[in-house]
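In this note's numbering, the protein residues as written are 417 to 766.
Beta carbons are placed, not taken as given, at the ideal position from N, Cα and C, and that holds for glycine.
Structure first, then comments.
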């Protein structure tokens, strides 16, 4: 998730205390206090890399946990660290923006942790910190929002934003074909439109639709919050009196989208969500809303980042790989969750 500094004030809506909205929206919001499940923070029970080894001090920083997905990132990282007796977890506050996070991270460097796991406010603006830490001999695990310079990280682990769009469009195309719908009207509610991640998701969606002779009829950006999702959906419904399919990029803002669906009594279409919240999976299982699928962008990547940081700190590789070191980059595939497989994924929901 990289973007120029002019976007930081808008991103505080996502990471710095945005209101969820009153009434029906608040009642449905995903909880920021939910403890990670055992599956989200699992370590192999015995043998191999799971056996206690050299003590590793892992420094950690991520934006304030005011959004369900970001809250899960921090919760998962803490819980995963606690799963290892040989890991000491040191977290520093990220502050309100990239500059504040940079200052906090400078303090962390002076404490000389063995590895730093960092989800930056802004990958471009924090790239210099990654370079500094790496130059000082502290490996950096860059989580989610990419540093543009490969020298700024030892490992980069993130979700596949373009792949989310591909997965959402693929599901929609398959369903429309199965229903025999010709010339479908397809809507889209992305997150913050200026963010690179949103642009990548929309491109994957548009490219896949175009490959099947389809296109988006109307799109209304939201801001990853329930109230903004409700507002965007209301505008979209006014622009499209009839719709066959809708992709909403984010399950947290999807709570507001579903509220707008109920208020407008618009049930003629089906919807695909994004990220994989527990609430969305439960709605998909219940099969009593327009939400029929969601495509994953799982915060369990933070748990994996801690496990891999531990291996890096101990000079180990991944036990299932022949190579002696942890890979340089890992991109997690976006998977499609439907009523048929939601039970398998609930344990990973946030």
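Suppose you measure from the CA of residue i to the CA of residue j; what does that come to, to the nearest Å?
| i | j | result |
| --- | --- | --- |
| residue 684 | residue 659 | 7 Å |
| residue 533 | residue 730 | 15 Å |
| residue 491 | residue 559 | 14 Å |
| residue 552 | residue 733 | 22 Å |
| residue 546 | residue 727 | 19 Å |
| residue 737 | residue 721 | 17 Å |
| residue 697 | residue 569 | 34 Å |
| residue 494 | residue 766 | 15 Å |
| residue 465 | residue 497 | 14 Å |
| residue 523 | residue 517 | 10 Å |
| residue 638 | residue 649 | 9 Å |
| residue 735 | residue 713 | 25 Å |
| residue 686 | residue 652 | 14 Å |
| residue 510 | residue 476 | 9 Å |
| residue 719 | residue 677 | 35 Å |
| residue 627 | residue 592 | 14 Å |
| residue 757 | residue 584 | 16 Å |
| residue 541 | residue 527 | 22 Å |
| residue 769 | residue 725 | What the structure shows of the chain is the stretch from 417 to 766, and residue 769 is not part of that stretch, so it cannot be assessed. |
| residue 693 | residue 703 | 15 Å |
| residue 723 | residue 739 | 17 Å |
Comparing alpha-carbon positions, which option in the options lies nearest residue i?
| i | options | result |
| --- | --- | --- |
| residue 543 | 531, 466 and 521 | 521 |
| residue 635 | 605, 523 and 613 | 605 |
| residue 681 | 695, 654, 546 and 514 | 654 |
| residue 500 | 469, 638 and 479 | 469 |
| residue 717 | 503, 508, 535 and 515 | 535 |
| residue 587 | 765, 708 and 618 | 708 |
| residue 743 | 621, 556 and 616 | 556 |
| residue 564 | 539, 766, 695 and 549 | 539 |
| residue 629 | 599, 663 and 656 | 599 |
| residue 621 | 578, 640 and 596 | 578 |
| residue 769 | 530, 724, 581 and 507 | Residue coverage of the chain in this structure runs from 417 to 766, which leaves residue 769 outside it and unanswerable. |
| residue 525 | 757, 739, 508 and 597 | 508 |
| residue 567 | 561, 549 and 584 | 549 |
| residue 612 | 597, 562, 478 and 723 | 562 |
| residue 529 | 554, 741, 610 and 512 | 554 |
If we call anything under 9 Å between Cβ atoms a contact, is residue i one with residue j?
| i | j | result |
| --- | --- | --- |
| residue 608 | residue 632 | no |
| residue 752 | residue 706 | no |
| residue 668 | residue 641 | yes |
| residue 537 | residue 614 | no |
| residue 689 | residue 617 | no |
| residue 589 | residue 531 | no |
| residue 486 | residue 715 | yes |
| residue 755 | residue 701 | yes |
Is there contact here, the stretch 664 to 674 with the stretch 630 to 649, by at least three beta-carbon pairs under 8 Å? yes
Okay, do the stretch 741 to 750 and the stretch 567 to 579 touch, 3+ Cβ pairs below 8 Å being the bar? yes
Whole beta strand (DSSP E) runs in the stretch 548 to 621 with 3 or more residues, listed along the chain? 556 to 559, 571 to 575 and 602 to 605
Is the stretch 503 to 511 touching the stretch 755 to 763 in the sense that three or more CB pairs, one from each, lie closer than 8 Å? no
Could you give the uninterrupted runs of the alpha helix (DSSP H) lying entirely in the stretch 610 to 676, keeping only those of 4 residues or more? 612 to 627 and 642 to 655
Can you check the stretch 478 to 542 for any beta strand (DSSP E) of at least 3 residues that lies completely inside it and give the ranges in chain order? 503 to 507 and 531 to 534
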